[in-house]
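Written out below as structure tokens is the structure these notes cover.
Right under this line is the structure:
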């Protein structure tokens, strides 16, 4: 009788899980994104270290094909979960974040289907340079930090072996970079470990004085282990890498410079365009936009040349390229000029923004082994969590090709209000950590180019030479639209691309060749700058027209940067919402 009564009670009782309310869309979204972020940290140990997560500080990551496939499979799983969450049940910020993450995951999944995933390096970057610069992105505040760094160094030979095996497969399947772009590449490998291992960048954490928190005997032990690793297993790995490149890659490099010549190359280039621009523009449409911008900027350059007293744009550019008055005599002179320009710009920043980042940035010379074949400058983000400042790297090789009149435009792009300002702000915005690590190239580089134009309002281009430098930099990005699509979609040769840029920009020939090599080995990336800048300028123009005297440039800039890096369609939605809110407030 008691058993029958108990059974009846159990049959009528509600299940435990039924008494708990189903999670809301917001709760489901937060749970999915948290798991996504934790998976991202586990799969990217260097990312984890950069944001202050120490769980994987002794690891380099897994470059294998199996790991690529696993990442794509995880992305598909997360994407399915996101699709099941109704966007209309999320608040506006989460709905935007959901769309952004979906786009990110779709890119991972689609990119993994192309054979180009086997191409693990460009003409200016690769896993060998990743290790060479690793110490600059890490903190060394405990004995364990040094020990973990040594564990990462010890893991490099296995990492290198896997990467070389994948790269050999790439060669076998026809996914090789063009010969024309690879002139200095071997030096980027052999230059990492000089004869004296303690002179290598890899040894840099041990090159200074002993930190107080490490005992003298322990410091001697750690330093000796670092030197032994660099002079032993790492030197062997770098020697094997250089030999592999010389004997098993360079002889099989591609004759055709366009990615469309690779297997499934045309589809891959379309994918790259979509990824880099966050638009549905075609190669032909981008090519025509580029030609239109080139014509406009060329006319403005003619006006500046006349102001400078020259009969033609060409005559002025010839003088700018050859007159020694425009060039530094030593690397130190160039760096001092850059440093002074950065402080001049810092003073003007509050006139353009109401919100400024806390994280500062420094300037540093580009490492010698990569400088001859790389670009004029670049920016390396810092880490607020780790107490690492952002760094604006300047190329001090080939000084007769680095004119001082370009420094103002270069500095606003790489430093502030360009990359450092935008990225440092994004690192400090009150939003989930995974959002802080999202970078859409069209937004980031579009903002960098837009920042060059802000230099006009900052009064930086106070001579015809500096104004021509700015226009040359804008022309540089406009010609990219023409050259990149020409190389990868229209069958252009490398020389055609060089000639087009020589004819239209004031850049020195060495810079132009380095840039064209970059476009050849990194399809589509160069398209992001002008496409992104044009969208920001378009949105600013709409705001100025609709708000008139009520348009607040500082607040416009805050809105553009206030949600971090976003696709251009999301940026347009956010700025238009701000304009409409401003109109409503004005009309009340």
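Numbering (mature numbering (1 follows the signal peptide of the UniProt record, and there is no 0)), first residue to last: -18 to -1, 1 to 570.
Don't be surprised by glycine CBs; every beta carbon is placed ideally from N, CA and C.
In the DSSP assignment, residue 520 falls within the alpha helix (DSSP H) that extends over 510 to 529. Measuring C-alpha to C-alpha distances from residue 409 to each of 308, 366, 429, 385 identifies 366 as the nearest. Here residue 98 is buried. Its C-beta has 16 or more other C-beta atoms within 10 Å.
The C-alpha of residue 69 is placed about 24 angstroms away from the C-alpha of residue 561.
For the pair residue 505 and residue 295, the CB atoms are not nearer than the 7 angstroms cut-off.
Residue burial is scored here from C-beta neighbours: residue 106 has at least 16 other C-beta atoms within 10 angstroms and is therefore classed as buried.
Contact between the segment 488 to 499 and the segment 426 to 442 is absent, with fewer than three C-beta pairs closer than 8 angstroms. Contact between the segment 334 to 342 and the segment 399 to 409 is present, with at least three C-beta pairs closer than 8 angstroms. In terms of Cα proximity to residue 72, the closest of 57, 5, 297 is 5. CA-to-CA, the gap between residue 526 and residue 401 works out to about 24 angstroms. The Cβ atoms of residue 466 and residue 529 do not sit closer than 7 angstroms to each other. Within the same chain, no residue comes within 6 angstroms of residue 439 by CB-CB distance, once the 5 residues on both sides are set aside. Apart from sequence neighbours up to five positions away, no residue of its chain approaches residue 118 with a beta-carbon distance below 6 angstroms. Contact between residue 344 and residue 371 holds: CB atoms are separated by about 5 angstroms, below the 8 angstroms threshold. Note that the C-beta distance between residue 375 and residue 459 is not below 7 angstroms. In this chain, the beta strand (DSSP E) harbouring residue 359 covers 359 to 362. Assigned with DSSP and collapsed to three states, residue 333 falls in helix. With the rule of 3 Cβ pairs closer than 8 angstroms, the segment 55 to 67 counts as touching the segment 10 to 18. In the DSSP annotation of this structure, the continuous segment of the alpha helix (DSSP H) that includes residue 280 starts and ends at 265 to 289.
Out of 136, 93, 223, 261, the CA that lies nearest to the CA of residue 170 is found in 223.
Under the three-state reduction of DSSP, residue 407 is assigned to helix. For residue 343, the uninterrupted beta strand (DSSP E) segment begins and ends at 343 to 347. Taking the CA atoms as reference points, residue 423 sits about 20 angstroms from residue 275. The straight-line gap separating the alpha-carbon atoms of residue 285 and residue 394 is approximately 23 angstroms. Here residue 210 is exposed. Its C-beta has fewer than 16 other C-beta atoms within 10 Å. For residue 455, there is no enclosing beta strand (DSSP E); the residue is found in the alpha helix (DSSP H) stretching over 446 to 471. If you look at residue 548, you'll find it isn't in any beta strand (DSSP E); DSSP assigns it neither H nor E. Nearest to residue 216 by C-alpha distance, out of 110, 555, 271, is 110. In the DSSP assignment, residue 373 falls outside any alpha helix (DSSP H) and within the unbroken beta strand (DSSP E) covering 372 to 376. Here DSSP, grouped into helix, strand and coil, assigns residue 150 to helix. By the neighbour-count criterion, in which 16 or more other beta carbons inside 10 Å mark a residue as buried, residue 325 falls on the exposed side. The beta-bridge partner set that DSSP reports for residue 236 consists of 160.
Cβ neighbours of residue 323 within its own chain (closer than 7 angstroms, five residues either side excluded): 389, 390, 393.
A straight line joining the alpha-carbon of residue 56 with that of residue 49 spans about 10 angstroms. For the segment 182 to 230, the full-length alpha helix (DSSP H) segments reaching 4 residues or more read 198 to 211, 217 to 226 along the chain. For residue 503, the enclosing alpha helix (DSSP H) covers residues 491 to 503.
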